[in-house]
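Numbering (our numbering), first residue to last: 1 to 288.
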């Protein structure tokens, strides 16, 4: 039972990071960013690139620096996409969806050409494992949960108690009203995209040593982010966090007791049930 709990918490924490970024950019800009999973994938790849090819020093400081550089690189890349592609027709949901999907496919193909389809991996930040309540857990997994918790709590504090955070919240609630009081909506949206991509990239860096990094991994994480957003509510960060752990627990219990192929079936069942009985999601205000 403890192995189910530990794996659910770790998996759910990573799900939450990715999903919160997806929900955040939708709340502020109304953007269904289909390139969001790509930011996760690039976070993992750039960690490998900086660590193995740029810095080239096999030590902990080099790995941590590589992770930070990867997050910043991906976030800046996302801002460039917003500035030169999304911003031109930001009001068109279909345009942004098509462009973001094209970007995701293009980046995936480029990474396939550069690094192949078999994948690569990054060494863990902390090697070894510990016995926690009778269950052996990798030290890397133990590290993921507090990092994700710290980042998510920090984000909520930032949004609720800082001037810029309150501006982001104001734009999410009413863009026209925010403009009338002097808030630069374009700047706020660009900043939100930076934060959103950074969250996805951070998740990618954290799991790059637990899973094989492959070019098409973006699809899985985009689907998870979208599913969690639907369950939690497209306009709710709190809903996304709750839904992330809910889906994670349901998946882990399912593939522990049966097989992994049924885990996605259970997740889809939860999504369908939410759409039928509560179309706005657990804590959302917008209907799907």
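Note that beta-carbon positions come from the ideal geometry of N, C-alpha and C, so glycine has one too.
Contact between the segment 85-95 and the segment 67-75 is absent: fewer than 3 CB-CB pairs across the two stretches fall below 8 Å.
Burial state of residue 279 is exposed, judged by a 10 Å Cβ sphere holding fewer than 16 other Cβ atoms.
The way I'd put it, the segment 24-31 does touch the segment 223-236; three or more beta-carbon pairs between them come closer than 8 Å.
Where residue 236 is concerned, there is no enclosing alpha helix (DSSP H), because DSSP gives it neither an H nor an E. Approximately 20 Å separates the beta-carbon atoms of residue 186 and residue 103; this is outside 8 Å, ruling out the contact. Between residue 44 and residue 51 the beta-carbon gap is near 11 Å, outside 8 Å, which marks them as no contact. Between the alpha carbons of residue 163 and residue 198 lies a distance of about 20 Å. Distance from the CA atom of residue 31 to the CA atom of residue 77, rounded to whole angstroms, is 17 Å. Under the three-state reduction of DSSP output, residue 138 falls in the strand class. Here residue 131 carries a strand assignment [DSSP, helix/strand/coil]. Contact between the segment 177-185 and the segment 1-18 is not established, with fewer than three Cβ pairs separated by less than 8 Å. Assignment of residue 122 by DSSP, reduced to helix, strand and coil, places it in the coil class. Distances from the CA of residue 12 to each of 95, 221, 96 were compared; the closest alpha carbon is that of 221. The alpha-carbon separation between residue 67 and residue 174 amounts to approximately 35 Å. Taking the Cα of residue 14 as reference, the smallest distance to any Cα among 267, 225, 269, 273 is reached at 225. By DSSP's assignment, residue 213 forms a beta bridge with 120. By the beta-carbon neighbour count (other beta carbons within 10 angstroms, threshold 16), residue 54 is exposed. With the rule of 3 Cβ pairs closer than 8 Å, the segment 199-212 does not count as touching the segment 94-102.
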